[in-house]
Amino acid sequence: MDIKKSHGFSTLLITVVISLIMALYVFSLLSVELFNSKKTQNVIISQELKSKSASGLQCAVDIILRSGQKPTSTSIDYAPCVDAVITAIQIPATSTYKVTSTATAGDAESTMSQLFMSSSMNGVKSAFSSSGDIVFNVSQTIDPYEGVKAGTGYNCSAIRSGGKVIIENGGDIVVRHPHDQNGHQKKDADKQLINCNSSHLTVSPKSSADYLGDIEENITDLDLFYDNFGMKRDSWAEAKNLFDTVITGEKRVETIEINQVSTDVEFLYVPGCGGKIQTIIDANQKEIDKVKVTPDYKPALTKYIWIDGTCSLNGMTYKQTADDAAGITVVIKDGLVTNGGSPTSFHGNLFVFDYSMTDAQLLAAWQTATVDEKANVANYDLSQMPFYFRGTFQTRGAFNLDSPNRQCRVEGSFQPGYSKGKVDYEESPFGKTVMLEGSWHDF
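If you're matching positions, the sequence shown starts at 1 in UniProt numbering and goes up one per residue.
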């Protein structure tokens with residue numbers, strides 16, 4: 001009987017063990033199937049997320065390229081890109097933007113990105129630029145654009161000219177290491193002084209033979225309009241349409257002598273031009289002051305001003321310092337530009353655009369100049385001089401004379417200084433935003 005019980009118990013034990021083994025085997029098979037199923041599900045989710053993030057990024061790319069705006073522009077709406085969350089940032093201290101598309105499902109995530117570059121942010125490359133000859137006959141102090149860092153210093157740029165840079169009457173050009181508007185030498189992100197390399201810091205030149213890399217002349221194919229606005233100068237009308245406001249001069253007729261014959265010549269003239277510019281500057285400052293009191297306030301700023309016709313800058317006031325937000329761009333097309341008298345300052349990008357004004361019109365425009373503005377010009381060919389400065393004038397930003405076939409003159413105390421923040425506007429409407437090839441990344 002005991003033998004039978006023992007045998008039965010053994011049989012039962014073996015049966016249980018076999019059943020347990022079978023159960024474990026079945027469980028392992030189910031686990032493998034569950035794992036494979038989960039793996040397949042994850043692969044499907046991953047593929048779906050990648051597809052959505054790719055679709056979202058392509059949607060964002062299409063919107064950016066159609067708009068022509070910077071990816072961070074407030075005028076761009078990424079709401080139609082429903083497959084993913086779109087974010088856009090500017091990479092600090094560059095003209096490059098990163099657009100990221102992120103699709104999520106639970107804890108799973110797929111991210112793709114694309115880099116863009118804005119051509120409108122690469123324009124101003126010097127404190128002072130002229131497409132034609134520029135003549136200085138008194139000493140000038142220039143605070144240059146720091147340019148590209150090379151070694152321990154920077155390849156600074158003080159003057160760029162498509163013509164000659166001429167010094168008369170023992171004048172001097174004093175190029176300093178880059179200074180800010182307070183007269184302090186600029187520092188980099190590490191609080192180190194920004195110094196021009198010795199190869200790019202001209203010291204007291206007496207002729208072009210003394211110029212170093214910071215003063216360039218006779219630059220071929222220099223297109224200042226393209227450099228500043230991302231469009232060829234013949235496409236100026238397209239750029240003009242993007243300006244915030246246009247001031248059109250009134251038609252004026254002056255009688256001049258042409259080949260000893262009295263001739264009536266019509267041209268555009270802006271009465272009180274400098275005062276009109278100053279009014280805009282003052283209105284902008286009031287808006288900027290509101291932001292200082294109420295940080296969430298959205299200022300209504302007039303940043304881009306296009307002027308058609310002769311413009312005397314008298315009426316503008318002197319202010320040594322100004323916020324970067326106060327920087328404006330002023331284009332003065334086909335008009336005589338003069339300054340004389342009281343000290344004047346300008347914060348931003350002043351662009352004299354001599355495009356189609358005839359010699360007769362320019363000569364006639366000189367009849368509108370004040371006694372102070374046209375002092376000492378008797379020996380000059382006024383039909384070839386669209387820009388003449390005397391008095392005291394200081395700029396912080398950039399100064400451009402786009403008059404390729406004429407000669408501009410500075411005979412006063414003129415101190416141009418480069419200021420990136422006043423010419424490099426985040427919401428600039430100019431230029432085209434382009435994709436950087438090979439920068440599509442899948443994370």
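Beta carbons: idealized from backbone N, C-alpha and C, even for Gly.
- Item | Rounded C-alpha distance that separates Ile307 from Val85 | 42 Å
- Task: Please determine, among Gly170, Ser130 and Gln47, the residue with the shortest C-alpha to C-alpha distance to Met112.
- Result: Gln47
- Item | Own chain partners of Asn122 with C-beta closer than 7 Å, once the 5 adjacent residues on each side are dropped | The predicted model places Asn122 with a pLDDT of 49, which falls under 50 and marks its position as unreliable; any figure quoted below should be read in that light. Only Ser95 meet the Cβ criterion.
- Query: In its own chain, which residues sit with a C-beta less than 7 Å from the C-beta of Ile76, not counting the 5 before and 5 after it?
  - Reply: Ile63, Ile64, Ser67 and Gln69
- Throw me the rounded Cβ distance for the Gly421 and Thr395 pair, which I believe falls under 8 Å. No, Gly421 and Thr395 are not in contact; Cβ-Cβ is about 14 Å, not under 8 Å.
- Message: Buried or exposed, going by whether 16 or more other CB atoms sit within 10 Å of the CB of Ser356?
- Response: exposed
- Message: Considering only their Cβ atoms, is the gap separating Ala283 from Asn349 smaller than 8 Å?
- Response: no
- Query: Using the rule of at least 16 other Cβ atoms within 10 Å of the residue's Cβ for burial, across every protein chain shown, is Lys206 buried or exposed?
  - Reply: exposed
- Task: Report yes or no: do three or more beta-carbon pairs, one from the segment 50-59 and one from the segment 101-110, lie closer than 8 Å?
- Result: yes
- Query: Using the beta-carbon count (16 or more within 10 Å), is Tyr145 buried or exposed?
  - Reply: buried
- Task: Pick helix, strand or coil for Leu242, following the three-state DSSP scheme.
- Result: coil
- Message: Can you give me the C-alpha to C-alpha distance between Cys273 and Asn197, rounded to a whole angstrom?
- Response: 40 Å
- Query: Over what stretch of residues does the alpha helix (DSSP H) that includes Val293 continue unbroken?
  - Reply: Cys273 to Val293
- Message: Mapping the DSSP letters down to three states, classify Glu411 as helix, strand or coil.
- Response: coil
- Query: Would you report the Cα separation of Met435 and Gly132, rounded to the nearest angstrom?
  - Reply: 34 Å
- Message: What does the alpha-carbon distance come out to for the pair Ile89 and Tyr78?
- Response: 14 Å
- Nearest CA to the CA of Asn137: which residue from Ser419, Ala209, Val423 and Arg409? Arg409
- Item | Cβ separation of Gly163 and Asn218, assumed to be a contact under 8 Å, to the nearest whole Å | 7 Å
- Is Val253 helix, strand or coil when you go by DSSP? strand
- Task: Give a yes or no on whether the C-beta atoms belonging to Leu49 and Ala127 are separated by under 8 Å.
- Result: no
- Is there contact between the segment 334-351 and the segment 187-204, where contact requires at least three CB pairs shorter than 8 Å? no
- Kindly give me the distance between the Cβ atoms of Gly147 and Ser157, rounded to whole angstroms, as I take these residues to be in contact under 8 Å. 5 Å
- Return the CA-CA distance between residue 446 and Pro386, expressed in angstroms with no decimal places. Missing from the structure shown is residue 446; the chain here goes from 1 to 443 and no further.
- Message: Looking at the secondary structure, which residues open and close the alpha helix (DSSP H) in which Asp227 lies?
- Response: Leu224 to Phe229
- Looking at C-alpha atoms only, which residue of Met22, Ser118 and Cys59 is the closest neighbour of Thr433? Ser118
- Task: Go through the segment 325-378 residue by residue and report every complete run of the alpha helix (DSSP H) that reaches 4 residues or more, in order.
- Result: 359-365
- Query: Taking DSSP as the reference, what is the three-state secondary structure of Thr111?
  - Reply: strand
- Let me know the beta strand (DSSP E) ranges lying completely inside the segment 123-195, each 3 residues or longer, listed in chain order. 128-130, 133-136, 140-142, 145-150, 153-157, 159-161, 165-167 and 173-175
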